[in-house]
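Okay, so here's the structure we're looking at.
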Amino acid sequence: MTPTRIIDKLRTAHSRHAVGDARSIIRHLATVATAALLGAATLGAQAIGPSPAGGPSRPLYLVHANVVDGVTATVIRDATIVIEGSRITRIAAGLATPRGSGVQVIDLAGRWVAPGLIDAHTHIATLPNARRALFSGVTTVRSASVPAFQDVAMRAQARAGQIVAPDVLATGVFVTPSLGETVLADPRLGALAGGVTTTDHLRALVRINLDRGVDWIKTRGTERAGLPDTDPRKQVYDEAELRAIVEEAATKGVPVMAHAHGDEGAYAAVAAGVKSIEHGTYLSDSTLRLMRQKGTWFVPTLSTVVDLTQPGGDYDDPVLTLRGQHMLPRLEDAIRRAHALGVRIAAGADTDYGAEGTTRIAHEVMRFRALGLSPAEALATATSGAAELLGIASRTGRLAVGMEADLIVLEANPLEDPMALQDVLVVITDGRVVLNRTPFGRQGAR
Numbered sequence: 154m155t156p157t158r159i160i161d162k163l164r165t166a167h168s169r170h171a172v173g174d175a176r177s178i179i180r181h182l183a184t185v186a187t188a189a190l191l192g193a194a195t196l197g198a199q200a201i202g203p204s205p206a207g208g209p210s211r212p213l214y215l216v217h218a219n220v221v222d223g224v225t226a227t228v229i230r231d232a233t234i235v236i237e238g239s240r241i242t243r244i245a246a247g248l249a250t251p252r253g254s255g256v257q258v259i260d261l262a263g264r265w266v267a268p269g270l271i272d273a274h275t276h277i278a279t280l281p282n283a284r285r286a287l288f289s290g291v292t293t294v295r296s297a298s299v300p301a302f303q304d305v306a307m308r309a310q311a312r313a314g315q316i317v318a319p320d321v322l323a324t325g326v327f328v329t330p331s332l333g334e335t336v337l338a339d340p341r342l343g344a345l346a347g348g349v350t351t352t353d354h355l356r357a358l359v360r361i362n363l364d365r366g367v368d369w370i371k372t373r374g375t376e377r378a379g380l381p382d383t384d385p386r387k388q389v390y391d392e393a394e395l396r397a398i399v400e401e402a403a404t405k406g407v408p409v410m411a412h413a414h415g416d417e418g419a420y421a422a423v424a425a426g427v428k429s430i431e432h433g434t435y436l437s438d439s440t441l442r443l444m445r446q447k448g449t450w451f452v453p454t455l456s457t458v459v460d461l462t463q464p465g466g467d468y469d470d471p472v473l474t475l476r477g478q479h480m481l482p483r484l485e486d487a488i489r490r491a492h493a494l495g496v497r498i499a500a501g502a503d504t505d506y507g508a509e510g511t512t513r514i515a516h517e518v519m520r521f522r523a524l525g526l527s528p529a530e531a532l533a534t535a536t537s538g539a540a541e542l543l544g545i546a547s548r549t550g551r552l553a554v555g556m557e558a559d560l561i562v563l564e565a566n567p568l569e570d571p572m573a574l575q576d577v578l579v580v581i582t583d584g585r586v587v588l589n590r591t592p593f594g595r596q597g598a599r
């Protein structure tokens with residue numbers, strides 16, 4: 154049976170009323186079933202540069218580029234960007250391009266170059282989804298938990314150039330009261346099958362994550378918004394419990410991110426010392442002031458709440474639609490107040506980049522602009538600012554000499570038209586051209 158027919162049968166069998174975990178399982182099966190088809194179709198429609206395994210063997214010159222650095226509103230016009238190995242070695246206007254067999258050249262003909270996008274809140278657990286994220290312009294992701302440490306493996310394989318995927322900061326297993334099927338991710342998790350409800354349990358789960366080499370720990374202050382039978386305002390862990398998580402993670406220098414829609418759970422997480430609050434729908438001014446005081450970041454995942462209000466996408470249930478309609482204006486207000494108070498904001502799409510998903514980082518940047526962030530501030534939430542949150546600002550998130558060559562090419566200036574980020578023409582990650590859709594295509598040596 155072909156992958157297309159498998160999808161048709163899955164969709165036929167799938168009830169319109171199925172929600173929550175059942176819907177996610179069907180989507181996951183459809184994604185896996187079409188992995189080969191997606192790979193072949195994508196590669197056929199888009200010109201792909203050197204394979205990740207090989208990497209570039211010659212310096213790459215991007216000529217006639219308009220450059221946005223991801224930090225300021227400054228533009229370098231008609232510039233040349235020189236990439237050697239995985240690094241940017243020169244950015245300058247009027248730079249002569251050497252000719253000869255030792256140089257690769259892509260003429261961008263006045264198109265715009267920006268840093269590769271950073272998605273600070275993802276749930277990518279499959280290779281097709283990782284490829285889809287990368288081809289959307291996302292060159293770095295922070296995982297926000299996966300079922301079985303797929304992010305840890307993806308991080309290692311992407312760094313080695315063995316798979317086509319963004320760079321990954323792994324979070325491993327969610328520190329949450331009920332692990333469900335996730336107990337199968339590691340034999341030691343069996344001891345927590347009855348629940349993760351005491352500080353001893355919490356510390357044990359954090360230690361397992363640390364032993365698996367995660368970069369972040371994710372926990373929660375409140376229940377989920379994306380299931381119809383949960384209450385996103387309800388607090389899950391108190392300050393003492395959250396502090397135990399933060400303290401255990403700190404033994405290995407690992408920061409903590411906290412899912413929190415409700416204000417009480419968010420305040421407890423900030424007081425306990427988490428590095429970022431995810432979602433933050435009902436944040437009060439007192440919690441936002443504490444976040445500013447402690448340097449806690451805000452990752453609103455606004456586009457996912459928009460997705461709740463619309464049919465299709467990652468969520469499609471009448472209870473969630475009504476909930477989203479209530480949540481959306483409150484989250485937008487929280488973002489406006491956070492920005493006014495000086496709380497740092499980073500962009501996260503809160504998606505797994507599945508075949509049916511429509512949420513992208515471009516939407517976050519666009520919506521932040523509408524809520525009062527300047528063009529440079531909005532772009533920085535998905536570039537230099539996000540890199541600062543993730544502790545990787547010394548190597549990526551902006552276009553500058555010495556930085557990793559993580560960049561994207563766009564048809565228009567993203568400072569003027571943030572939706573240009575939704576139609577990426579070229580993706581370069583760690584100096585490798587993984588996507589090239591320019592009309593000029595890949596050019597050979599000069």
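Residue numbers (this note's numbering): 154 to 599. Ideal Cβ positions, reconstructed from N, Cα and C, are used throughout, including at glycine.
Which residues DSSP lists as bridging residue i, in chain order
i, result
"Val220", "Ile229 and Val266"
"Gln446", "Answer is none; Gln446 lacks a bridge partner."
"Ile244", "Ile234"
"Val294", "Asp272 and Val321"
"Arg373", "His412"
"Phe288", "DSSP lists no partner for Phe288."
"His432", "Ala413"
"Phe451", "Ile430 and Ile498"
"Gln388", "Thr375"
"Leu563", "Trp265"
"Glu557", "Arg240"
Under 8 Å between C-beta atoms of residue i and residue j
i, j, result
"Asn362", "Gly406", "no"
"Val496", "Ala273", "no"
"Val321", "Met307", "yes"
"Thr504", "Thr534", "no"
"Arg442", "Leu494", "yes"
"Glu394", "Arg360", "no"
"Trp369", "Pro330", "no"
"Ala419", "Leu436", "yes"
"Tyr468", "Gly379", "yes"
"Val367", "Ala323", "yes"
"Val220", "Val266", "yes"
"Arg264", "Leu563", "yes"
"Arg373", "Val349", "no"
"Pro281", "Thr582", "no"
"Thr549", "Thr293", "yes"
Nonlocal neighbours in the same chain, by C-beta distance under 6 Å from residue i, ignoring five residues either side
i, result
"Arg285", "Tyr506"
"Gln315", "none"
"Gly584", "Pro209, Ile236, Gly238, Ser239 and Ala558"
"Met480", "Thr434 and Val458"
"Ala301", "Ala338"
"Gly197", "Low confidence applies here, because Gly197 scores a pLDDT of 33, under 50, leaving its location unreliable; read the following figure in that light. For Gly197, where only same-chain residues beyond five positions count, there are no Cβ hits under 6 Å."
"Val472", "Pro381"
"Leu475", "none"
"His516", "Ser456"
"Gly538", "Ala499"
"Ala175", "Here Ala175 scores only 39 on pLDDT, less than 50, and its place in the model should not be relied on; the value that follows carries that caveat. Hits under 6 Å: none found."
"Trp450", "Ser429, Arg497, Ala499 and Leu542"
"Ala278", "Val299 and Gln303"
Candidates the options, of which the one nearest residue i by Cα
i, options, result
"Gly465", "Val577, Ala508, Gly348 and Arg312", "Ala508"
"Ile514", "Thr454, Val389 and Leu443", "Thr454"
"Thr536", "Asp260, Met444, Leu524 and Gly501", "Gly501"
"Pro567", "Val228, Val216, Pro212 and Arg445", "Val228"
"Asp136", "Thr350, Pro340, Gly379 and Arg373", "Because residue 136 is not part of the residues shown, which for the chain are 154 to 599, the question remains open."
"Gly223", "Pro571, Val336 and Leu588", "Pro571"
"Ala411", "Ile398, Ser254 and Thr383", "Ile398"
"Leu526", "Gly366, Thr335, Ala491 and Gly247", "Ala491"
"Thr242", "Met556, Ala565 and Ile488", "Met556"
"Met519", "Thr335, Ala531, Pro482 and Thr383", "Ala531"
"Leu213", "Thr279, Glu417, Gln257 and Val221", "Gln257"
"Asp438", "Asp486, Thr275 and Lys428", "Asp486"
"Gly426", "Phe521, Val294, Pro319 and Gly448", "Gly448"
"Ser429", "Gln303, Asp470, Glu541 and Asp304", "Glu541"
"Val336", "Thr352, Val317 and Ala357", "Ala357"
"Gly510", "Ala344, Gly347, Asp460 and Phe288", "Asp460"
Sequence-distant residues of its chain with Cβ nearer than 8 Å to residue i (five each side left out)
i, result
"Asp391", "Ala421"
"Ala529", "Val224, Thr225, Ala226 and Leu568"
Neighbourhood of residue i by C-beta, 7 Å cutoff - its chain only, sequence neighbours within 5 removed
i, result
"Ala245", "Ala232 and Thr233"
"Gly290", "Gly269, Leu270, Ile561, Leu574, Val577 and Val580"
"Lys387", "Thr375, Glu376 and Gly415"
"Pro592", "none"
"Val554", "Ile241, Thr242, Arg243 and Ile244"
"Ala403", "none"
Residue i at chain B interface by Cβ criterion, 8 Å
i, result
"Arg240", "Checking the listed chains, one finds no chain B in this structure; it contains a single protein chain."
Could I get the ranges of all uninterrupted alpha helix (DSSP H) runs contained in the segment 485-553, with 4 residues as the minimum, in chain order?
-> 514-523, 528-533 and 537-543
If you scan the segment 309-370 from start to end, which runs of the beta strand (DSSP E) of 3 or more residues do you find wholly inside it?
-> 320-322
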